[in-house]
Amino acid sequence: MASMKKATTLKLNYEFRRVYSKGSSGVSPFFVVYARPNRSCRNRLGVTVSTKLGKAVVRNRIRRRLREVYRLAQGSMKQGYDVVLVGRRRALAAPYSELERAFRRTCETLELWEP
RNA sequence: CGAGUAAGACAGACAGUCGCGCGGUCGGGGCGAAAGGCUCGGUCGUGAGGAAAGUCCGGGCUCCACAGGGCAAGAAUAACGGGUAACGCCCGCCGAGAGCGAUCUCAGGAAAAGUGCAACAGAAAUAGACUGCCCCGCUUGUCGGGGUGAUGGUGGAAAGGUGCGGUAAGAGCGCACCCGACGGCGUGGAAGCGUCCGUCGCUGUAAACUCUAUUCGGAGCAACACCGGUAUGGGAGCAAACAGGCUUGCCCGGCCGCUCCCGGGGUGGCUGGAUCGCCGCGGCAACGCGGCGGCUAGAUAGAUGACUGUCAAAUACAGAACCCGGCUUACAGUUUUGCUCGCACC
RNA sequence: AGCGGGUUUGUGUAAUGGUAGCACACCGGACUCUGACUCCGUUUGUGAGGGUUCGAAUCCUUCACCCGCUG
Numbered sequence: 597m598a599s600m601k602k603a604t605t606l607k608l609n610y611e612f613r614r615v616y617s618k619g620s621s622g623v624s625p626f627f628v629v630y631a632r633p634n635r636s637c638r639n640r641l642g643v644t645v646s647t648k649l650g651k652a653v654v655r656n657r658i659r660r661r662l663r664e665v666y667r668l669a670q671g672s673m674k675q676g677y678d679v680v681l682v683g684r685r686r687a688l689a690a691p692y693s694e695l696e697r698a699f700r701r702t703c704e705t706l707e708l709w710e711p
């Protein structure tokens with residue numbers, strides 16, 4: 597199981613911008629997934645939660661749930677990708693199992709899921 | 001028991017599995033002469049609030065200016081006394097208002113320094129005279145001169161109020177009671193209060209200008225200090241690695257996205273402080289003094305999450321970003337104490 | 001994080017503390033065989049709460065929302 601330390605996260609604006617413009621995307625009611633191959637052998641995650649979704653507490657909660665979904669699913673994903681999760685409002689109140697199922701289905705359409 | 005009022009407390013807990021920030025410690029890897037720091041993992045400790053929010057006030061801290069303070073301008077505040085580092089905050093008290101009451105609310109100085117404004121209505125808006133009432137004059141009538149503010153209606157406000165006397169009619173013109181202002185006396189630390197005495201009867205508005213008193217230099221941790229000395233750094237737009245440019249003309253090989261703008265990066269500052277808890281003393285209180293004990297976040301794209309179980313239920317408002325003291329606003333539910341009113345019983 | 005500005009019918013915009021106005025739009029009517037144009041008329045209102053004042057869009061205050069600036 598890979599860790600969630602700093603080296604495995606996207607930070608800078610140009611990294612996000614590159615994933616948005618060059619990567620492939622998949623949509624679910626709770627979030628949007630962008631993915632793009634990078635040159636390393638491990639995955640990197642970036643999470644975007646816009647100010648439009650709510651105040652600080654709401655944004656923090658959406659971001660933490662999305663990271664938890666990614667963390668638990670990471671072991672069964674293909675490696676070597678930059679992944680960006682964009683939160684949507686319904687990720688706040690949805691049951692956690694729904695989020696997990698939606699993430700798995702979206703990754704399968706993007707061919708990120710390790711068979 | 002019900003209704004109310006004031007002051008507080010808590011802000012899900014526990015267990016298990018996985019996971020995150022910071023600090024300590026142990027071990028592995030590799031750099032280095034060493035000191036040291038980098039990376040990976042284990043383990044232990046610790047990890048958001050009563051409002052962390054809004055950014056409405058006041059400070060600390062840092063830099064700039066002045067280094068002697070003052071004036072002007074501008075801004076803020078406003079009964080009185082106290083508390084505080086300071087405040088526009090808090091406490092006490094006075095006055096006014098609301099409530100049966102406990103209690104609550106109030107930008108609550110000066111309108112007799114001056115200026116301004118008061119629409120419409122109304123005769124009249126801070127001063128004159130529509131209808132009335134009364135007197136006088138004669139040309140006797142839709143007349144002229146004078147007195148009056150008691151009457152009518154208007155207005156938020158009409159020249160202290162009520163009654164009696166008085167008068168041609170009237171009027172604080174006089175008297176009694178009441179209301180208010182100022183001065184004296186008494187009382188209180190002061191604002192103030194008073195069945196006392198004297199003088200007087202003055203529209204409202206200063207959250208209109210203004211006057212009086214007091215306070216205020218400016219910017220803000222993205223402040224500031226240190227390290228280091230251009231790494232093809234950061235931002236925006238465009239393009240998409242198959243193209244194009246540079247390296248001597250060509251090939252091989254090597255290097256590089258293009259244009260514009262900016263000047264960057266790291267570390268410290270960073271959390272031990274007008275600190276918190278308990279006890280004692282002083283004070284009506286806010287608060288102060290002393291003793292003992294504790295150290296309870298410090299991130300830098302930004303750490304608290306997920307699942308399961310139990311507790312009746314628990315997703316209330318809401319997330320630290322240099323730090324404090326207040327104010328304001330949001331808030332499910334649980335709970336403590338004092339007091340008031342009503343009903344019943346003893 | 002620190003600052004600055006704003007909010008008036010559906011839209012754009014006026015208004016000394018004293019009846020909230022104008023243009024376009026909507027709706028209704030007239031004109032027309034019908035529609036457009038044109039003419040006439042009606043409705044729709046000061047972001048929310050509290051205060052000062054006789055009286056508040058305006059003055060004061062507490063909030064909400066929107067826009068902009070620095071980085």
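So for the first sequence, this note's numbering puts the first residue at 597; every next one is plus one. A virtual CB, placed ideally from N, CA and C, is assigned to each residue, including glycine.
(1) Between residue 688 and residue 702, what straight-line distance do the alpha-carbon atoms span, to the nearest angstrom?
(2) Among 681, 652, 653 and 654, whose alpha-carbon lies nearest the alpha-carbon of residue 665?
(3) Looking at the structure shown, is residue 649 part of a helix, part of a strand, or coil, going by DSSP?
(4) For residue 624, which three-state DSSP category applies?
(5) Can you tell me whether residue 669 is helix, strand or coil according to DSSP?
(6) Alpha carbon to alpha carbon, how far is residue 662 from residue 641? Give it in angstroms, no decimals.
(7) Determine the contact status of residue 699 and residue 669, defining contact as a CB-CB distance below 8 Å.
(8) According to the neighbour-count rule (16 or more other Cβ atoms, all chains shown, within 10 Å of its Cβ), is residue 679 buried or exposed?
According to the structure data:
(1) Within the first sequence, residue 688 is the residue found at index 92, counting from 1. Within the first sequence, residue 702 is the residue found at index 106, counting from 1. The straight-line gap from Cα to Cα measures roughly 18 Å.
(2) Against the first sequence, residue 665 aligns to sequence position 69. Nearest C-alpha to residue 665: 681.
(3) Here residue 649 corresponds to residue number 53 of the first sequence, with the count starting at 1. It is helical.
(4) Walking along the first sequence from the start, residue 624 turns up at place 28. Residue 624: coil per DSSP, three-state reduction.
(5) Against the first sequence, residue 669 aligns to sequence position 73. Residue state, collapsed to three classes: helix.
(6) Residue numbering aside, residue 641 sits at position 45 when the first sequence is read from its first letter. Residue numbering aside, residue 662 sits at position 66 when the first sequence is read from its first letter. Cα to Cα, the separation comes out at about 10 Å.
(7) For this step, residue 699 is matched to residue 103 along the first sequence. For this step, residue 669 is matched to residue 73 along the first sequence. Result yes, Cβ atoms of residue 699 and residue 669 sit closer than 8 Å.
(8) Numbered from 1 along the first sequence, position 83 holds the residue referred to as residue 679. By the neighbour-count rule (16 or more Cβ atoms within 10 Å), residue 679 is buried.
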